[in-house]
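Contents: one structure, followed by commentary.
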Amino acid sequence: MRMIIILHILFLLSPYTFAQNYKETIQAEIDAINEMSLWIAYLVPLDSLGKVIEDEYMDFNQVHSYKILDDGQIKNANILFTMYFDSDNKIRKVFKRWADGGALHSIAYYDSNGRLIYGVYSRGDEIHGKLYADASGFHIEHFPEANECNDCFEAYLFLSTKCIETQYSIILQSPPNAKRTNFMPQVGDSAILCSAYIYSLPDGEKTTEGEDGTAVSFGMPVVISALTNGWCRVNSIFNAHIGYIPIQDIEIIK
Numbered sequence: 003m004r005m006i007i008i009l010h011i012l013f014l015l016s017p018y019t020f021a022q023n024y025k026e027t028i029q030a031e032i033d034a035i036n037e038m039s040l041w042i043a044y045l046v047p048l049d050s051l052g053k054v055i056e057d058e059y060m061d062f063n064q065v066h067s068y069k070i071l072d073d074g075q076i077k078n079a080n081i082l083f084t085m086y087f088d089s090d091n092k093i094r095k096v097f098k099r100w101a102d103g104g105a106l107h108s109i110a111y112y113d114s115n116g117r118l119i120y121g122v123y124s125r126g127d128e129i130h131g132k133l134y135a136d137a138s139g140f141h142i143e144h145f146p147e148a149n150e151c152n153d154c155f156e157a158y159l160f161l162s163t164k165c166i167e168t169q170y171s172i173i174l175q176s177p178p179n180a181k182r183t184n185f186m187p188q189v190g191d192s193a194i195l196c197s198a199y200i201y202s203l204p205d206g207e208k209t210t211e212g213e214d215g216t217a218v219s220f221g222m223p224v225v226i227s228a229l230t231n232g233w234c235r236v237n238s239i240f241n242a243h244i245g246y247i248p249i250q251d252i253e254i255i256k
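Here it is, written out as structure tokens:
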């Protein structure tokens, strides 16, 4: 009888254990990507004359082709998204803002084979989500849950780097003068909040409002003001203290 009870408890806990296992495994891959040296590049549109289109609200009928540029070439360019290449010239991370240059559109991580392993995305309002991908399939978290759907993320995330090549008819290759960086968090770093709430203290109470009354929202830009035991103390872009957030719930922007 005791064995039956134990087996029943293990059965009830198994979904939670599975969820923790895939998140921990994928988080380890994300951490490894953020710790490695990456080279920054930008995808920009070109007109029929081969000139970079600068208008952020461009008509896509103007676009003739696309090109990948480095930091020294993007003055006034309309950046569609930022890519980060590893030392083997493979994309490991992609970051995109909404066209007005403000809040988060999406961030995606890819393994060495170009397969999507993790992504976050935001519609620009309260609707947002996270996707974890492994051999067993996609594990999707949509917020609010009432808006949950199985394929919402496909409008925001490329499922592989091959999809990027196909979409833009371009060879994915880092420019020769690309700047090198990594995403180890440092005080003063700009970041994106990938949570709809923050904490008053590390392991403290959750809140959706900063100390100065700032409303917290998924995808909002913040600045790291302190680091402590896996947590970040974050400020608004106006330097007002907001609260604390686990490091895995922010994305450094470079």
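Counted the way my numbering counts, the sequence shown spans residues 3 to 256.
In this text, a Cβ means the ideal position worked out from N, Cα and C, and glycines have one as well.
What you are looking at is a predicted structure, and each value in this text was computed from that prediction instead of being measured.
Unbroken alpha helix (DSSP H) run spanning residue 164, endpoints: 163-170
Can you list, in chain order, the residues of its chain with a C-beta nearer than 7 Å to that of residue 54? Leave out the 5 residues immediately preceding and following it. Closer than 7 Å at the Cβ level, and outside the excluded window around residue 54, lie 46, 48 and 79.
Mapping DSSP to helix, strand and coil, what is residue 84? Secondary structure of residue 84 (DSSP, three-state): strand.
Where does residue 176 sit, in a helix, a strand or coil, going by DSSP? coil
What residue from 193, 172, 107 and 256 has the CA that sits closest to residue 181's CA? For residue 181, the closest of 193, 172, 107 and 256 by C-alpha to C-alpha distance is 256.
Between residue 19 and the rest of its own chain, which residues show a CB-CB distance below 8 Å, the 5 nearest in sequence each way excluded? Here the model assigns residue 19 a pLDDT of 42, short of 50, so the residue's position is not dependable, and the following value carries that caveat. Cβ-Cβ distances below 8 Å link residue 19 to nothing in the same chain once the five nearest sequence neighbours on each side are left out.
Please classify residue 66 as buried or exposed, where buried requires at least 16 other C-beta atoms within 10 Å of its C-beta. exposed
From residue 31 to residue 113, what distance separates their C-alpha atoms? 8 Å
Residue burial classification, residue 179 (beta-carbon count within 10 angstroms, cutoff 16): exposed
State yes or no: is the beta carbon of residue 218 nearer than 8 Å to at least one beta carbon in chain B? This model lacks chain B altogether, as it is built from one protein chain only.
Per the contact definition of three or more C-beta pairs closer than 8 Å, is the stretch 168-177 in contact with the stretch 119-128? no
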